[in-house]
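Residue numbering for the sequence shown follows full-length UniProt numbering, beginning at 1 and increasing consecutively. Quick reminder that beta carbons are idealized off the backbone N, C-alpha and C, glycines included. Below: one structure, written as structure tokens.
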Amino acid sequence: MSFVKQVGDGGRLVPVPSLSEADKYQPLSLVVKKKRCFLFPRCKFTSTPFTLKDILLGDREISAGISSYQLLN
Numbered sequence: 001m002s003f004v005k006q007v008g009d010g011g012r013l014v015p016v017p018s019l020s021e022a023d024k025y026q027p028l029s030l031v032v033k034k035k036r037c038f039l040f041p042r043c044k045f046t047s048t049p050f051t052l053k054d055i056l057l058g059d060r061e062i063s064a065g066i067s068s069y070q071l072l073n
């Protein structure tokens, strides 16, 4: 299954929140949304080692690391 299908089509492109955080991200790199932390409520995204080129060309095997949990009744 391709990475794009695993992630879904509900995503959108997001700008870097500030210039001070711009050095944490590379152009066309993919980011994942993290859970908000109580102490750092603005930390919403973290970069991945994958780029848009990896997705579009499909030359590199990408593992999304998706996990699911069963809810208790």
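In this structure, DSSP gives S18 a state outside helix and strand, which the three-state scheme calls coil.
A straight-line Cα-Cα distance of about 15 Å links L57 and P49. In chain order, V31, V32 and K34 place their CB closer than 8 Å to the CB of T46, counting only its own chain and leaving out the 5 sequence neighbours on each side.
In the three-state DSSP reduction, K33 falls in the strand class (E or B). Checking the DSSP bridge columns, you'll see F45 partnered with K33.
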